[in-house]
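A quick write-up on the structure given underneath.
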Amino acid sequence: MVEDRTDADVIVVGAGPGGSSAAFHLARHGLRVLLLEKTEFPREKVCGDGLTPRAVKSLIKMGVDTTDDKGWLRNRGLRVIGGGIRLELDWPDLATYPNYGLTRTRLDFDQLLAIAAVEAGAVLTSRTTVTGPILDRSGRVVGVSATGPDKEPVELRAPLVIAADGVSGRFALSLGIAKREDRPIGVAVRQYYRSDLRHDDEYLESWIELRSREVPDKLLPGYGWIFGLGDGRVNVGLGVLNSSAAFGNTNYRTMLADWLAGTPEDWGLADPANADGKPQGAALPMGFNRVPHYTRGVMLVGDSGGMVNPFNGEGIAYAMESGELAAEIAVQALARPAGTARERALAHYPAELKARYGGYFRLGNLFVKLIGQPQIMQLATKHGMPHPTLMRFVLKLLANLTDPRGGDAMDRVINAMTRLAPAA
Ligand SMILES: Cc1cc2nc3c(=O)[nH]c(=O)nc-3n(C[C@H](O)[C@H](O)[C@H](O)COP(=O)(O)OP(=O)(O)OC[C@H]3O[C@@H](n4cnc5c(N)ncnc54)[C@H](O)[C@@H]3O)c2cc1C
Numbered sequence: 004m005v006e007d008r009t010d011a012d013v014i015v016v017g018a019g020p021g022g023s024s025a026a027f028h029l030a031r032h033g034l035r036v037l038l039l040e041k042t043e044f045p046r047e048k049v050c051g052d053g054l055t056p057r058a059v060k061s062l063i064k065m066g067v068d069t070t071d072d073k074g075w076l077r078n079r080g081l082r083v084i085g086g087g088i089r090l091e092l093d094w095p096d097l098a099t100y101p102n103y104g105l106t107r108t109r110l111d112f113d114q115l116l117a118i119a120a121v122e123a124g125a126v127l128t129s130r131t132t133v134t135g136p137i138l139d140r141s142g143r144v145v146g147v148s149a150t151g152p153d154k155e156p157v158e159l160r161a162p163l164v165i166a167a168d169g170v171s172g173r174f175a176l177s178l179g180i181a182k183r184e185d186r187p188i189g190v191a192v193r194q195y196y197r198s199d200l201r202h203d204d205e206y207l208e209s210w211i212e213l214r215s216r217e218v219p220d221k222l223l224p225g226y227g228w229i230f231g232l233g234d235g236r237v238n239v240g241l242g243v244l245n246s247s248a249a250f251g252n253t254n255y256r257t258m259l260a261d262w263l264a265g266t267p268e269d270w271g272l273a274d275p276a277n278a279d280g281k282p283q284g285a286a287l288p289m290g291f292n293r294v295p296h297y298t299r300g301v302m303l304v305g306d307s308g309g310m311v312n313p314f315n316g317e318g319i320a321y322a323m324e325s326g327e328l329a330a331e332i333a334v335q336a337l338a339r340p341a342g343t344a345r346e347r348a349l350a351h352y353p354a355e356l357k358a359r360y361g362g363y364f365r366l367g368n369l370f371v372k373l374i375g376q377p378q379i380m381q382l383a384t385k386h387g388m389p390h391p392t393l394m395r396f397v398l399k400l401l402a403n404l405t406d407p408r409g410g411d412a413m414d415r416v417i418n419a420m421t422r423l424a425p426a427a
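In this note's numbering, the protein residues as written are 4 to 427.
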């Protein structure tokens with residue numbers, strides 16, 4: 004009898020963007036949702052804090068108010084710097100995505116989404132660390148073990164668990180789902196700086212070439228960003244991909260300092276006295292580097308399923324989109340009796356993820372391999388950057404921003420390429 008007790012229809016592990024989005028959409032459909040989070044909000048999360056129109060669309064779907072006076076800084080596009088050229092590319096005008104991006108620190112961004120989930124009806128339990136799955140005799144997950152706020156062990160049961168516990172993927176790992184070594188992964192570090200000059204930039208700034216101050220003319224092996232936050236600070240960081248020879252054997256913090264030391268003095272980034280906090284780093288799991296995305300009563304969402312876009316390192320939008328998709332499929336599945344019919348509905352989750360992102364991620368994985376070779380990257384920068392039309396195409400491709408139907412010629416080419424590529 005005890006076995007049949009359930010504490011929720013769905014347990015969501017982790018209240019990052021993926022978990023909160025899943026919890027919001029589940030609760031909105033009337034399901035009982037338990038959202039378990041090991042930290043307590045507000046809390047820092049290492050990130051670039053940049054949101055493209057893809058992420059803004061997901062925010063709008065959650066009813067989040069993105070108007071200017073609500074603590075956001077709006078951006079109108081991407082400024083690309085490389086090959087001696089600075090190019091400002093506005094986000095495309097599309098039917099299916101807004102034409103602006105946003106920045107906001109994860110300190111309260113994640114809290115905002117968790118609050119939206121709670122307002123929709125989810126029950127959020129903070130300072131609760133999930134320690135592993137509870138399995139039935141067949142090996143199916145029927146709940147989670149956790150330690151609660153007072154470190155007391157708890158067991159919580161539900162017919163479905165959504166693992167949204169981020170890049171460590173501990174929950175998936177406990178079920179034997181390891182990350183795939185043949186898929187791309189990046190490591191990135193970021194630091195906040197006070198910068199009167201750069202803090203209210205209208206563009207997200209992306210550096211595709213980083214030069215060393217220490218060794219003039221030396222190209223550093225990563226890609227950098229400077230994102231204004233509108234609050235007197237900027238988020239500055241750089242990332243290195245595992246296709247680069249420098250991956251894993253470089254001191255990324257030293258490299259960040261070396262790059263910033265060469266930036267114009269009035270930006271304030273060359274002076275360590277303007278740093279706000281320490282540089283912090285984390286990994287970016289890309290291109291579906293952890294599969295399967297559904298097994299034995301567990302759906303993987305966001306970073307836990309390796310869903311960062313290999314083209315641009317964006318992970319928030321994909322965490323939120325996969326959270327929404329997992330929720331929609333869970334709602335249908337749980338309306339069916341347990342057994343074959345429900346499993347058929349749940350198997351639709353990995354299939355739909357593959358259909359939506361598989362071809363695109365496959366191209367992205369190839370892109371990561373290519374740009375890991377400095378000669379190829381330099382050639383592409385030299386011959387691509389001088390051509391704004393080509394770069395507008397590159398922006399659409401890298402940010403995955405096209406209209407699926409009725410778009411322009413660029414949209415049609417990108418959509419055809421991603422349709423034809425075998426799914427990752
Ligand atoms: C340096 C850096 C810069 C980045 N910049 C950007 C950017 O500018 N834009 C962008 O879109 N993406 C960026 N990303 C990627 C982005 O941060 C992630 O893709 C995104 O946070 C994934 O969301 P998620 O909900 O899947 O996981 P997370 O945001 O990692 O959330 C996971 C949550 O689960 C909780 N949790 C973990 N384990 C447990 C447990 N056992 N029990 C309970 N709770 C648990 C964690 O506390 C956390 O709240 C960047 C990443 C890095 C490292």
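Glycine is no exception: its CB is placed at the ideal position from the N, C-alpha and C atoms. Predicted model only: the values in this text are computed from it and were never measured.
In this structure, ligand 1 has no non-hydrogen atom nearer than 6 Å to the beta-carbon of Leu328. Per the coordinates, the alpha-carbon of Leu356 lies some 18 Å from the alpha-carbon of Leu400. Its Cα nearest to that of Gln283, the residue Gly51 stands out among Ile417, Ile211, Gly51 and Met380. Trp210 and Ala98 have their C-alpha atoms spaced approximately 29 Å apart. The nearest non-hydrogen atom of ligand 1 is less than 6 Å from the C-beta of Gly169. Within the region 168–217, the complete beta strand (DSSP E) segments at least 3 residues long are 188–197 and 206–210, listed from N- to C-terminus.
Counting every other CB atom within 10 Å of its CB across the protein chains shown gives Asn368 a total of 16 or more, marking it as buried. Here Thr405 carries a coil assignment [DSSP, helix/strand/coil]. Only residues of its own chain outside the window of five on either side were considered, and among them Asp52 and Leu232 have a CB closer than 7 Å to the CB of Thr108, listed in chain order. Counting only residues of its own chain and dropping the five nearest sequence neighbours on each side, Pro45 has a CB closer than 6 Å to the CB of Leu110, Asp111 and Gln114. The beta carbon of Lys41 sits closer than 6 Å to at least one heavy atom of ligand 1. At the C-beta level, Phe250 and Phe364 stay beyond 7 Å of one another. Annotation: Gly342 to Tyr297 spans about 15 Å, alpha carbon to alpha carbon. The Cβ atoms of Asn238 and Tyr195 lie closer than 7 Å to each other.
In this structure, the alpha-carbon of Val164 lies about 7 Å from that of Gly146. Annotation for Trp228: the continuous beta strand (DSSP E) segment containing it runs Tyr226 to Gly231. With contacts defined by Cβ atoms closer than 7 Å, Pro288 and Ile180 do not form a contacting pair.
A direct Cα-Cα distance of roughly 11 Å separates Asp185 from Lys372. With a cut-off of 8 Å on Cβ pairs, the region 155–172 is not in contact with the region 197–214, counting fewer than three such pairs.
With fewer than 16 neighbouring CB atoms inside 10 Å of its own CB, Thr70 falls in the exposed class.
For Gly290, the CB stays at least 6 Å from every heavy atom of ligand 1. Taking all protein chains in view, the Cβ of Gly240 is crowded by 16 or more other Cβ atoms within 10 Å, so the residue is classified as buried.
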